[in-house]
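Enquirer: Sharing a structure, written as structure tokens. Questions coming.
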Amino acid sequence: MKGWPAMRILYCTSEIAPYAKTGGLADVASALPQALRRRGHDVRTVMPRYVHIGADERELKRIVRRIGGDFFSRPYWGEVWETVMADGATPVYFIAQPELFERKELYGEDGRDYADNHLRFAYLCLAALELLKRLNWRPDAIICNDWQTALIPVYLRNRAELRDDPFFQSIKTLFVIHNIGYQGLCPREAMREIRLPDDLFQPAGIEFYGRLNLLKGGMIYCDRIATVSEQHAREIQTEEYGFGLDGVLRERAELLSGIMNGIDGEEWNPADDELLPAHYNLKRLAGKAKCKRTLQQECGLAVDAELPLIGMVTRLATQKGLDLIEAAMARLERLRCQWVILGSGDKLYEDLLAGMARRRPRQCYVRFGFDEQLAHRIFAGSDAFLIPSRYEPCGLTQFYAMRYGAVPVARRTGGLADSIVQATEKAVAKGQGTGFLFNAHTPEAMLTAIRKALKVKTQEPILWRAIQRNGMAQDFTWTASAERYERLLQLLISRGA
Ligand code: ADP
Ligand code: GLC
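Dropping the structure here:
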């Protein structure tokens, strides 16, 4: 914004692509800081150093040798390592503490969270704050994300040595909720372990039905709250979507904003994506047919240009509507289309999908695990892309799908509702219709939307092309959203509210 000074912003998160990723937060934590830096701000990021961080180890520089011995009642010494993001400018600080962070997974194994997650992420938060002092770099604002970094605002307001330190006093915090369904719940005893004052353990504080709720702490002690789409900002104030925290959010409604995520348009571009067997764009779609053929071959499906192929790339969780897939399984299998599904998560859903692939190997292919490369090939090779989420704060896969010419079939909720326009003939003619939305979270509503999409794909090719092109023509890059974050932070810093 003209006339405003550049800001110093610390972006604190538990995952950043490509270093560590379990979901959309990692993509956002890579793209948004770089977008804000392009706008002239001094943005720096901090995350844990897990075992495998997808970074060239030789490019990491150790900048702090000993940090954090006296954070808790027993010492945990750590180090800080630094690299820069793909833009060659945005610093990433890795907090290294082998005992806490060098685990097989980021948050838990075999469907169970690590029992000491409160300690692990409390350490991240305190080390990030301590690092600022060591660097003598005082940010104007800290952006915290989800329960893993929710303790930053809590500590800044409640831990005496931070609260009373002039270095920290003017720093504003923006707490971004990416997923209210994950709250970082722990037993009361955790309060002592992570050295939180006992008097915070009350309903007006960090207590939640007898347990400690880290996400709630972030919401209560931050200066501003954001979530990742406007629709979701409204939803989380309702009982249906608030996961028990809707009351807290209604009370703080004037501090809550919804800002839709964007995508990294360079990383995700079918015109030059190195992970694809062929390239294409809005005007020349021929390469997409080759991507579909190659995907069918790779997955052992019948190679058929006409048969619609539906893709899914998703965490296998109830949030993502896997319960609908389960309920509709027999009917889905009978549809005249193919399926390529990439997912990781609940064993229950893995078994369900494995059964589908076993019964119909020429029609359904399923891959479990996290595979960034296959994900790109699925977006490019699919005709349609299914996202039947129960709730979806923003969702990124609909953006990638549209950009790659795969038409989304999605539940009208959260960011899906804000970013996909129902493809009625009228809307398509106006250049707006981009997908097929359904309202009710029922297998019937989902099936109706899928059938409608398949019908248009097979019987109305001109309309289908127009829908595809409308999606590809959308600008989902960060430009507009980064500007909204910038404005929010500038107001917060200047007005102090
Ligand atoms: P969420 O963060 O709730 O999982 P999003 O749609 O915001 O949902 O982001 C999911 C991100 O993770 C997308 O970039 C998607 O492509 C990616 N993703 C999800 N599951 C997999 C997987 N099994 N393999 C590769 N990428 C995946
Ligand atoms: C969460 C949400 C998803 C959102 C992502 C990034 O994981 O489930 O909807 O896109 O965070 O904000």
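Numbering-wise, the sequence shown is residues 40 to 536 according to the numbering used here. Backbone N, C-alpha and C fix where the C-beta goes; we use that ideal spot for every residue, glycine too. If you're wondering where the values come from, they're calculated on a predicted model, not measured in any experiment.
Looking at chain B, is there any beta carbon in it that lies within less than 7 Å of the beta carbon of Gly244?
Expert: In the displayed structure, chain B is absent; only one protein chain is listed.
Enquirer: Any contact between the region 100-116 and the region 52-61? By contact I mean 3 or more CB pairs, one from each, below 8 Å.
Expert: Contact fails: fewer than three Cβ-Cβ distances are below 8 Å.
Enquirer: Three-state secondary structure (DSSP) at Ile417?
Expert: Looking at Ile417 - three-state DSSP - the assignment turns out to be helix.
Enquirer: Under DSSP, the alpha helix (DSSP H) around Pro72 begins and ends at which residues?
Expert: 63-77 is the extent of the alpha helix (DSSP H) around Pro72.
Enquirer: Is Gly444 closer than 7 Å to Gln513 when the C-beta atoms are compared?
Expert: No; because the gap between Cβ atoms is not below 7 Å, this pair is not in contact.
Enquirer: Could you give the DSSP three-state label for Asp311: helix, strand or coil?
Expert: Of the three classes helix, strand and coil, the one that applies to Asp311 here is coil, per DSSP.
Enquirer: Less than 6 Å between C-beta atoms, sequence neighbours within five positions excluded: which residues of the same chain meet that for Glu431?
Expert: Thr452, Gly453, Gly454, Leu455, listed in sequence order.
Enquirer: Please report the straight-line C-alpha distance between Phe515 and Gly301, rounded to a whole angstrom.
Expert: Straight-line Cα distance between these residues: approximately 5 Å.
Enquirer: For the ligand ADP, is there any heavy atom lying closer than 6 Å to the beta carbon of Val379?
Expert: No - the ligand ADP has no heavy atom lying nearer than 6 Å to the Cβ of Val379.
Enquirer: Tell me which same chain residues have a C-beta within less than 8 Å of the C-beta of Thr357, skipping the five on either side of it?
Expert: Excluding sequence neighbours, Thr357 sits near Asp385, Arg429.
Enquirer: In the DSSP assignment, what residue or residues form a beta bridge with Val448?
Expert: Val448 pairs with Leu425, Phe475.
Enquirer: If you drop the 5 nearest sequence neighbours on each side, which residues of the same chain put their C-beta closer than 6 Å to that of His157?
Expert: Answer for His157: Cys225, Ala229, Ile233, listed in chain order.
Enquirer: Under the criterion of a Cβ to heavy atom distance below 6 Å, does Ala414 qualify as lining the ligand ADP?
Expert: Result yes, Cβ under 6 Å from the ligand ADP.
Enquirer: Could you give the distance in angstroms between the alpha-carbon of Tyr248 and the alpha-carbon of Lys359?
Expert: Their Cα atoms are separated by approximately 26 Å.
Enquirer: Using the Cα positions of Arg151 and Asn252, report the straight-line distance between them to the nearest angstrom.
Expert: Roughly 17 Å between the two C-alpha positions.
Enquirer: For Pro87, count neighbouring C-beta atoms within 10 Å of its own C-beta (all shown protein chains included) and say buried if the count is 16 or more, exposed if not.
Expert: Under this definition Pro87 is a buried residue.
Enquirer: Helix, strand or coil for Met299? Go by DSSP, reduced to three states.
Expert: Coil at Met299, not helix or strand.
Enquirer: Is it buried or exposed, Ser209, if we count other Cβ atoms within 10 angstroms and call 16 or more buried?
Expert: It counts as exposed.
Enquirer: Three-state secondary structure (DSSP) at Ser53?
Expert: Looking at Ser53 - three-state DSSP - the assignment turns out to be coil, as it is neither helix nor strand.
Enquirer: Using the Cα positions of Ala94 and Gln73, report the straight-line distance between them to the nearest angstrom.
Expert: If I take the Cα positions, the gap works out to 17 Å.
Enquirer: Would you kindly work out how many angstroms separate the C-alpha atoms of Ala423 and Thr266, rounded to a whole number?
Expert: Roughly 27 Å separates the two Cα atoms.
Enquirer: If I measure Cβ to Cβ from Ser383 and keep anything under 7 Å in the same chain, skipping five residues before and after, which residues do I get?
Expert: Only Arg354, Leu355, Phe407, Gly408, Phe409 meet the Cβ criterion.
Enquirer: Is Pro205 helix, strand or coil when you go by DSSP?
Expert: Helix.
Enquirer: Assuming contact is defined by CB atoms lying nearer than 7 Å, are Ile380 and Leu371 in contact in what I supplied?
Expert: No, the pair does not count as a contact, with Cβ atoms beyond the cut-off.
Enquirer: Quick test of the definition: if touching needs 3 or more C-beta pairs under 8 Å, does the region 97-110 touch the region 157-174?
Expert: In short, these stretches touch, since the Cβ pair count reaches three.
Enquirer: The alpha helix (DSSP H) that contains Tyr194, what's its start and end?
Expert: That run of the alpha helix (DSSP H) goes 190-197.
Enquirer: Specify the secondary structure class of Asp238 as computed by DSSP and reduced to three states.
Expert: In this structure, Asp238 counts as helix in the three-state DSSP scheme.
Enquirer: Would you tell me roughly how many angstroms separate the C-alpha atoms of Ala479 and Met485, rounded to the nearest one?
Expert: One C-alpha to the other measures close to 8 Å.
Enquirer: Determine the extent of the alpha helix (DSSP H) in which Tyr162 is found, giving its start and end residues.
Expert: Counting along the chain, the alpha helix (DSSP H) containing Tyr162 begins and ends at 156-174.
Enquirer: Kindly give me the distance between the Cβ atoms of Ile532 and Met46, rounded to whole angstroms, as I take these residues to be in contact under 8 Å.
Expert: At roughly 7 Å, the Cβ-Cβ gap stays under 8 Å, so Ile532 and Met46 are in contact.
Enquirer: Could you pull the start and end residues of the beta strand (DSSP E) that Ala265 belongs to?
Expert: Element bounds for Ala265: 263-266.
Enquirer: Pull the bridge partners of Gly384 from the DSSP assignment, please.
Expert: Per DSSP, Leu355.
Enquirer: Need the endpoints of the beta strand (DSSP E) that Pro500 sits in, please.
Expert: It is not in any beta strand (DSSP E) - Pro500 instead sits in the alpha helix (DSSP H) that spans 500-512.
Enquirer: Asn184: beta carbon under 6 Å from a heavy atom of the ligand GLC?
Expert: Not so, every heavy atom of the ligand GLC lies at least 6 Å from the Cβ.
Enquirer: Under the criterion of a Cβ to heavy atom distance below 6 Å, does Arg354 qualify as lining the ligand ADP?
Expert: Flag set: Cβ of Arg354 near the ligand ADP.
Enquirer: Quick check on DSSP: helix, strand or coil for Ile102?
Expert: Strand, per DSSP.
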